[in-house]
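Undergrad:
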Amino acid sequence: MINTRINQLIRYAKEHLYLGMDDEYLAVNQILYLLKLTHFEKEEVSEDIDFFSLIDDVLTYAKENQILTSDTITEKDAFEAKLVDCLMPRPSEINRLFHQFYKKGPLTATTFFHVLSKASNYIKTKRIDQNVHYVYEGKYAPLEITINLSKPEKDPKDIQKQAMIADKYPACVLCMENIGVYQSTNLAPRSNHRVVSISLNHEQDAWGFQYSPYAYFNEHCIILRKEHSPMYVNDRTFDELVDFINKFPHYLIGSNAGLPIVGGSILNHHHFQGGRYDFPIENAKVLKHYKRGKVHYDILDWPLSVVRVSSNNENSLLDAVKDLYKAWNKYHNPELNIYQSTEEEHNTVTPILKLNGSTYEFYIVLRNNYSTKEQPYGLFHPKEELFHIKKENIGLIEVMGLAILPGRLLYELDLIEACLVEGKNPKDYPELEKHLAWIETLKEKDITKDNCKEVLKQEVGTLFEEVLEDCNVFKYGTKEDLYKFVESQL
Ligand SMILES: [Zn+2]
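In our numbering, the protein residues as written are 12 to 501.
(1) Whose CB is closer than 6 angstroms to a heavy atom of ligand 2? List the residues in chain order.
(2) At the level of alpha carbons, what is the spacing between glycine 149 and asparagine 203?
(3) So leucine 154 and alanine 414 are in contact, right, with Cβ under 8 angstroms, and what is the actual spacing, rounded?
(4) How is the beta strand (DSSP E) around arginine 303 delimited, first residue to last?
(5) Taking C-alpha atoms, which residue in Ile209, Asn267 and Gly488 lies nearest to threonine 121?
(6) DSSP beta-bridge partners for cysteine 232?
(7) Identify every run of the alpha helix (DSSP H) within the segment 25 to 87, keeping only runs that are complete inside it and at least 4 residues long; order them along the chain.
(8) Between Lys365, Leu328 and Glu214, which has its C-alpha nearest arginine 236's C-alpha?
(9) Hey, out of Ile13, Cys97 and His125, whose CA is closest to asparagine 76's CA?
(10) Short of 7 angstroms in beta carbon distance, which residues of its chain neighbour leucine 335, apart from the five on each side in sequence? Order them along the chain.
(11) Leaving out five residues before and five after histidine 280 in sequence, what residues of the same chain have Cβ atoms less than 6 angstroms from its Cβ?
(12) Per DSSP, lysine 365 forms a beta bridge with which residues?
(13) Of all the options Asp61, Val466 and Ile78, which has the alpha carbon lying nearest to the alpha carbon of lysine 47?
(14) What are the start and end residues of the beta strand (DSSP E) that includes aspartate 309?
(15) With distances taken between CB atoms, is the gap from cysteine 232 to phenylalanine 220 smaller than 8 angstroms?
(16) Do the segment 353 to 365 and the segment 452 to 459 touch if we need at least three Cβ pairs shorter than 8 angstroms?
(17) Is the distance from the Cβ of valine 329 to the Cβ of threonine 157 below 8 angstroms?
(18) Kindly indicate which three-state DSSP category arginine 378 falls into: helix, strand or coil?
(19) Near asparagine 323, what residues of its chain come up, given a Cβ to Cβ distance below 8 angstroms and the 5 sequence neighbours on each side ignored?
(20) Which whole runs of the alpha helix (DSSP H) in the segment 92 to 143 are 4 residues long or more, in chain order?
(21) Does the pairing of the segment 257 to 264 with the segment 282 to 293 give three or more beta-carbon distances under 8 angstroms?
(22) Between tyrosine 487 and alanine 217, what straight-line distance do the alpha-carbon atoms span, to the nearest angstrom?
(23) From the DSSP secondary-structure annotation, give me the bridge partner or partners of threonine 157.
(24) Do the segment 435 to 443 and the segment 380 to 388 touch if we need at least three Cβ pairs shorter than 8 angstroms?
(25) Judging by CA-CA distance, which residue of Lys333, Val497 and Lys365 is the nearest neighbour of tyrosine 308?
(26) Go to glycine 265, then tell me how far its beta strand (DSSP E) extends in each direction, as first and last residue.
(27) In angstroms, rounded to a whole number, what distance separates the CA positions of isoleucine 17 and phenylalanine 109?
(28) Could you check the C-alpha separation between asparagine 404 and asparagine 267 for me, to the nearest Å?
(29) Let me know the secondary structure DSSP gives serine 276 once reduced to three states.
(30) Inspect the CB distances between the segment 137 to 148 and the segment 466 to 486 and report whether three or more fall short of 8 angstroms.
(31) From the DSSP output, in three-state form, read off valine 253 for me.
(32) How is the alpha helix (DSSP H) around serine 327 delimited, first residue to last?
(33) Residues bridged to isoleucine 349 by DSSP?
(34) Could you tell me which of Phe485, Glu477 and Glu251 sits nearest to glycine 412, measuring between CA atoms?
(35) Excluding the 5 residues preceding and the 5 following lysine 460 in the sequence, name in chain order all residues of the same chain whose CB lies nearer than 7 angstroms to its CB.
(36) Under the three-state reduction of DSSP, which class applies to leucine 420: helix, strand or coil?
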């Protein structure tokens with residue numbers, strides 16, 4: 012049986028993973044070593060191969076023969092990635108192919124790399140498909156809510172193992188050293204991890220381009236500086252983002268802020284996130300429109316303070332966003348609780364860039380991370396009453412109107428439903444403790460067995476909208492204050 016499975020792996024790799032004829036026996040023999048086998052016979056196998064059941068069979072074999080000594084999801088994923096690595100081209104070959112395809116067009120290049128990253132199961136398509144995704148109409152534009160079930164919870168045994176590693180290598184999950192590493196500090200296995208080199212802002216091959224294994228949206232990619240160095244948002248960032256869009260005009264790209272609380276989860280390694288997706292923010296209504304030379308400024312009707320700066324002219328656009336950024340950096344208005352700096356700087360932006368036809372559209376989201384003793388998580392961060400839904404930093408994906416909520420929520424919502432329609436007592440479930448105040452407000456709504464699921468979904472949407480509103484830097488003032496700030500730029 013295992014001999015047939017190896018033949019199937021080889022056939023799959025020839026068809027989907029660019030395994031060349033010359034590399035066939037190298038791949039076979041690496042797999043034999045991995046599975047502690049010493050013999051192989053070539054068999055004719057049909058091209059109709061389901062990757063996932065094939066991998067399951069090989070993993071079962073490895074477990075039964077004590078090659079895989081633990082069957083935690085992390086261990087199984089790591090072993091699978093190593094198996095796939097035996098079948099895949101080396102990074103330099105993928106790089107060569109990517110740039111060869113790029114000559115035909117940027118879309119051809121990214122499609123090649125994206126399809127390959129799915130075929131190698133580096134992008135966990137099967138798990139991503141389990142995510143719950145729905146639209147919440149809301150009072151701005153329709154928001155998208157995702158309950159993320161794809162990223163597996165770490166097994167306590169694996170966490171313990173990781174905790175014992177003192178000398179952290181690679182230094183972080185975005186470092187280039189992750190390419191081919193068997194175990195990593197991240198949940199995602201890395202043996203089959205591939206990154207292609209790109210140049211941005213005149214820095215030749217200084218950047219890596221990869222896909223996200225637990226993609227939150229279509230073709231979710233990460234663009235990282237090869238050198239492990241901290242996140243920054245400054246004039247260079249805008250140049251880098253524009254250069255990326257010039258090279259990959261079919262993608263959107265954005266940067267998280269470089270400051271804690273309002274930034275993303277990784278602040279110690281400079282990177283951007285991109286993808287091929289239309290986000291809810293693109294449908295926001297325009298509250299006010301201004302024009303300065305070749306540049307348009309739209310203040311959007313959005314839960315956060317967002318200015319869309321657009322132009323057909325790259326230089327005019329860059330001048331305008333850099334000016335806006337500088338002005339926001341200096342903006343100080345204690346009456347509205349906007350403190351530009353105390354011991355450190357507090358103002359920054361979340362910039363996102365997309366091409367609309369031939370027009371560059373920069374979404375500049377104003378941010379501030381000022382915190383006090385009373386509000387240690389920051390004044391412009393979700394309030395503690397909303398932590399039961401979202402406690403983490405609000406980064407660029409959520410700013411654009413796509414909520415990424417934790418997988419535990421799905422189970423908790425089922426329990427809440429049982430309390431609301433079957434009369435169960437929420438206090439009997441420790442998981443519901445954080446939701447108790449919310450459950451009380453839900454009891455006042457007209458909830459029946461038939462509408463409960465839908466009402467809960469919409470209520471989660473309302474809470475997410477409030478989460479975003481909490482991050483609005485002008486929430487202690489009025490829209491006029493935001494208008495005044497932008498008008499000072501004209
Ligand atoms: Zn790093």
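All residues carry an ideal CB built from backbone N, CA and C; glycine is no exception.
For clarity, every value in this text was computed on a predicted model and none was experimentally measured.
TA: Reading off the structure:
(1) Absence of ligand 2 from the depicted structure is noted, with ligand 1 being the only ligands included.
(2) 41 angstroms
(3) 7 angstroms
(4) Per DSSP, arginine 303 belongs to the beta strand (DSSP E) from 297 to 303.
(5) Ile209
(6) Tyr222 and Gly285
(7) 35 to 45 and 62 to 75
(8) Measuring from the Cα of arginine 236, the nearest candidate turns out to be Glu214.
(9) Ile13
(10) Cβ within range, chain order: Val318, Val320, Ile375 and Gln500.
(11) Cys183, Leu185 and His239
(12) Glu372
(13) It is Ile78.
(14) 306 to 311
(15) yes
(16) no
(17) In the sequence as displayed, the identity of residue 329 is leucine instead of valine. No.
(18) strand
(19) Around asparagine 323: Lys305, Ser369, Thr370 and Tyr371.
(20) 102 to 115, 117 to 130 and 136 to 139
(21) A contact between stretches requires three or more CB pairs, one per stretch, nearer than 8 angstroms, and the segment 257 to 264 meets this requirement with the segment 282 to 293.
(22) 42 angstroms
(23) His144 and Ile415
(24) With fewer than three CB-CB distances shorter than 8 angstroms, the segment 435 to 443 does not count as touching the segment 380 to 388.
(25) Val497
(26) Boundaries of the beta strand (DSSP E) around glycine 265: 263 to 265.
(27) Going by the C-alpha atoms only, they are around 28 angstroms apart.
(28) Cα-Cα distance, rounded: 10 angstroms.
(29) coil
(30) yes
(31) helix
(32) First-last of the alpha helix (DSSP H) with serine 327: 325 to 341.
(33) Asn344
(34) Comparing Cα positions, the closest option is Glu477.
(35) Val432
(36) Looking at leucine 420 - three-state DSSP - the assignment turns out to be helix.
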